[in-house]
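Peer 1: Supplied in C-alpha cells, the structure appears directly below.
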Amino acid sequence: MITRREFFKGGIAAFTVGFAAPEFLSDLARAQGSSSRNLVVLDLTGGNDGLSLLVPYTDPFYVSRRPTLAIPAGTVLQVGTDSSGKALGLHPRLTGLKEIFNQGRLAIIQRAGYQNSSRSHFSGTDIWSTANPPNTQGSGWMGRYLSTLKAPLDPLAAWTATGDTPHALQASGVAVAAVPSVAGYAFNSPNTGNELALERTAAANIASHVPIDQPHVAFVGASVQAAMATIDRVAAVGKYKPSVVYPNNGFGLALQAIAGAMATGIGTKVFFLQTGGFDTHASQDTTGANGAYVKLMGTLNDGLMAFFDDLKNTGLLGDTLLLSFSEFGRRITENGSKGTDHGAASPMLAIGGLVRGGQLYGTAASLNPDPSNPTLENNGADVHFETDFRSVYAKVIDNWLGGDSVAVLGGNFKKAGLDFV
Amino acid sequence: MKETGWTGFSLGSTLSPLISMGQQLFEPPDVAGWSLGQDWFSTGAMLTRMNFASALASNQKFRLATAAAGAKQSPQALVNYMLSRLTAADVSGAVYNDLLAYASAVTTWTGSDAQLQAKTPGLAHLILGSAEYQFL
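Residue numbers (the numbering used here), protein chains in the order written: chain C, 12 to 432; chain B, 66 to 201.
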C-alpha cells in the first residue's frame, strides 16, 4: 500500500524548480515580458464534441447519424464554407464567437489531432500536454517553451487558473503560479501588523533553504518561495476593474483574473485555464433551452465574449492569443443514451487581435460511414485528423511567441498554409 | 488538526481549503483519481496549505499558548517545545535558526501571555507550513 509520504513524493524528484530572487523580479518581468505578447491556452476538458461546436449541417449523413442530437440547419450560425466547399455553422449559442469571427479575430482549425488518436482522457490529455505521443510522461510543451527563455525565469512567467500545475506547463526549472483564486492567493497569519510581517519574512527565509539531498523537500520549498515572491503582484491583479461584466462562474472569473494580470503588466507570458463538463456520454441535448451542451456552449461563449471585449476596450487584444484544445472529439454516431462517446479529431479555436480569423482552416470531414472514407477512422466511427495539433503549436511558438518550435517540440511540425497567426 | 487541537474549529471550515488543495473528499478531479506528487504542491496549493495552518493556529491560539506556558522561559525553549509538539521532521539548522529568529523578534522577551499568544500560533503556522512538514 502506498504511504502518504510516497504519495506526495511521487513524481516530484523528476522536476526541479529554479527562479529568480525576489529583488530581481520586477526587472525580469519587464525583460521577459518586453514583447508584451502572451498566450492563453484553454483546455476544454472531457473531450469536446466538435461536430456540435462547428456543425456540418449540410452533410447528408449528419442527421442520420445523429437523429436526436443534430442541430437544425436553420438555427446554426453560418460561417461560410471551407476550402472543400462544405458549409459549416457554429452552435446557435455561440453568438459571441460568431461576432468575433465576423470581426476576423476568430480562426477555426478543423480536424486537429494526431495519428492513432487515444480515446483515453488521461492519455489524450498527456499527449496534447506533452506534444509527444510516444512519450507522454515527460515535460509539457508550454513548460519546455518557458525553459527556453533566458534564466532565471520570473515565477509569474506562467499562470494557471487551476489549483494544480497542469502537465502542459510542467518542465524542469520552470515555476508556475497556480492561482485558482486571486483573493485566495495570499499569506494569512494568526497575527496582524508587525507580527504578521515577521512571520512572512520567516516563512520566506525557511523556504529559501534548499536541501540538495532531498529533492522533494526542495521542490516544495521552491514552490513556497515562488508563492511568497509573487503574492504582492497577484494581489495587485485583484484590484483590476474590468471594462465589462464577466459571467459569475469559474470560467468567467478565471478569464477576468487573466485579463487583470495582463492589464496589471505583471509580465506573465503564458496562461492556462480549463472549463469542463464536455464528457457528454448521455443526455447531451444540443438544442434544448437547458440542454447540457447548450449550457457548455453558453459558458464558453459568454466567458470568451467578455474576455474579448474587455481586452479590446483596454487595448490588450493585439497582444493576446487564446488557443483552445480538447483531449479528443467525440464519436460521430450518437449512442443509445442520447450522448456521444470518445472520438478523435476536433476543431481548435484561435482568438486574438492579430489572428487571421474570419475563416476556416482545413476541411471538414465527410460523415459518410463507409470504412474507406479517408476523412474518418475506426471504420467510419471517428473524425480523422487533418492537421497535426503540433503544427498548430509550432505556428504559435514560432510566429506568436518568437520561439523555436523545432527545439520545443522535438521535430519540425511546421505546416504550410496554417497561417492563422 | 490532531497536533494543534481543533476544539471549536468547525469541520465545515476544512471543506473549502480541501477543495483548494485538490483534496476534496470523495471527489477526485477525474476518473483517474487524485494526481501524485507535484500536483499537490503548486504555489496556490501551498499557500492554501499554509493558510489552512494559519486558520487552525489562529483558532487554537489561546490553547496553544496555555499549553506552551511551561516553555516560556526563552524563545529557544518555545521553539523546542513547538517542534516537539508538532512532531516536525528533522529540520535543518538553518530552518531552526529561522524559527528562533522569529520567536526572538521582540523588544524584550518576557514570556508574557501576550507574547505566547502571538509567537505560539506563529510558530505553529510556520512549522505546519514548512516544506519538511508536508512529508510527515
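C-beta: ideal position from N, C-alpha, C; glycine also.
Please look up how many angstroms separate the CB atoms of residue 90(C) and residue 81(C), rounded, as I've assumed it's under 8 Å.
Peer 2: The pair is not a contact, with the Cβ atoms about 18 Å apart (cut-off 8 Å).
Peer 1: Looking at the structure shown, is residue 317(C) part of a helix, part of a strand, or coil, going by DSSP?
Peer 2: Reduced to three states, the DSSP call for residue 317(C) is helix.
Peer 1: Are the segment 193-210 of chain C and the segment 117-135 of chain B touching by the rule of at least three beta carbon pairs closer than 8 Å?
Peer 2: The segment 193-210 of chain C, when compared against the segment 117-135 of chain B, does touch it at the 8 Å Cβ threshold.
Peer 1: Take the Cβ of residue 256(C) as the centre, count every other Cβ of all protein chains shown within 10 Å, and call the residue buried at 16 or more, exposed below.
Peer 2: It counts as exposed.
Peer 1: So that I know if they touch, is there some Cβ in chain B lying closer than 8 Å to that of residue 37(C)?
Peer 2: The predicted model places residue 37(C) with a pLDDT of 45, which falls under 50 and marks its position as unreliable, so this point remains unresolved.
Peer 1: Can you name the residues of chain B whose CB is closer than 7 Å to the CB of residue 201(C)?
Peer 2: Per Cβ cutoff of 7 Å: 119, 122, 123, 126, 186, 187, 190.
Peer 1: Would you mind listing the alpha helix (DSSP H) stretches within the segment 199-276 of chain C that are 4+ residues and don't spill past its ends, in chain order?
Peer 2: Complete alpha helix (DSSP H) runs here, min 4: 204-218, 226-248, 261-275.
Peer 1: Which residue or residues does DSSP assign as beta-bridge partners of residue 341(C)?
Peer 2: 353(C), per the DSSP bridge assignment.
Peer 1: What whole-angstrom Cβ distance do residue 433(C) and residue 157(B) have, given they're in contact under 8 Å?
Peer 2: Residue numbering for chain C in the displayed model covers 12 to 432; residue 433(C) lies beyond these limits and cannot be assessed.
Peer 1: Hey, does residue 147(B) have any beta-carbon neighbour from chain C nearer than 8 Å?
Peer 2: No, no contact with chain C.
Peer 1: Under three-state DSSP, which class holds residue 397(C)?
Peer 2: Three-state DSSP puts residue 397(C) in coil, outside helix and strand.
Peer 1: Count the CB pairs spanning the segment 50-67 of chain C and the segment 344-359 of chain C that are closer than 8 Å, and state whether there are at least three.
Peer 2: Taking 8 Å as the limit for Cβ pairs, the verdict is that the segment 344-359 of chain C does touch the segment 50-67 of chain C.
Peer 1: Identify every residue that forms a DSSP beta bridge with residue 119(C).
Peer 2: Answer by DSSP bridge pairing, in chain order: 360(C), 371(C).
Peer 1: Name the DSSP bridge partner or partners of residue 388(C)?
Peer 2: DSSP output for residue 388(C) lists 393(C) as bridge partner(s).
Peer 1: I want to know whether the segment 123-135 of chain C touches the segment 333-340 of chain C - three or more CB-CB distances under 8 Å.
Peer 2: Touching, per the Cβ criterion.
Peer 1: Check residue 170(C) in the structure and name its three-state DSSP category.
Peer 2: Three-state DSSP puts residue 170(C) in a strand.
Peer 1: Is the shortest distance between the beta-carbon of residue 144(B) and the beta-carbons of chain C less than 8 Å?
Peer 2: Not closer than 8 Å to any Cβ of chain C, the Cβ of residue 144(B) fails to qualify, so no.
Peer 1: Closer than 6 Å by C-beta to residue 386(C): which residues in its own chain qualify, once you throw out the five before and the five after it? Chain order, please.
Peer 2: Result list for residue 386(C): 376, 377, 395, in chain order.
Peer 1: State yes or no: is the C-beta of residue 172(C) within less than 8 Å of the C-beta of residue 265(C)?
Peer 2: Closer than 8 Å, so yes.
Peer 1: Rank 381(C), 380(C), 382(C), 360(C) by C-alpha distance to the C-alpha of residue 373(C) and give the top, closest one.
Peer 2: Per the Cα distances, 360(C).
Peer 1: Distance cutoff 8 Å, beta carbons only. Does residue 183(B) sit that close to anything in chain C?
Peer 2: Yes - at least one Cβ of chain C is within 8 Å of the one on residue 183(B).
Peer 1: Could you check which residue in 180(C), 47(C), 65(C), 93(C) has the C-alpha nearest to that of residue 435(C)?
Peer 2: As shown, chain C starts at 12 and ends at 432. That puts residue 435(C) outside it, with no answer to give.
Peer 1: Which residue marks the beginning of the alpha helix (DSSP H) containing residue 290(C), and which one marks its end?
Peer 2: Careful: residue 290(C) lies outside any alpha helix (DSSP H) and carries neither H nor E.
Peer 1: Using a C-beta cutoff of 8 Å, does residue 216(C) count as contacting chain B?
Peer 2: Yes, contact with chain B.
Peer 1: Alpha helix (DSSP H) containing residue 335(C): first to last residue?
Peer 2: Not the alpha helix (DSSP H): residue 335(C) falls in the beta strand (DSSP E), residues 331-336.
Peer 1: Given residue 32(C), which residues of its chain have a CB within under 7 Å of its CB, disregarding the five upstream and five downstream residues?
Peer 2: The predicted position of residue 32(C) is uncertain, since its pLDDT is 44 and thus under 50; a value taken from the coordinates is nonetheless stated next. So the list is empty, once near-sequence residues are dropped.
Peer 1: If we count Cβ pairs, one from each stretch, closer than 8 Å, do we get three or more for the segment 104-116 of chain B versus the segment 159-166 of chain B?
Peer 2: Counting Cβ pairs under 8 Å, fewer than three are found: no touch.
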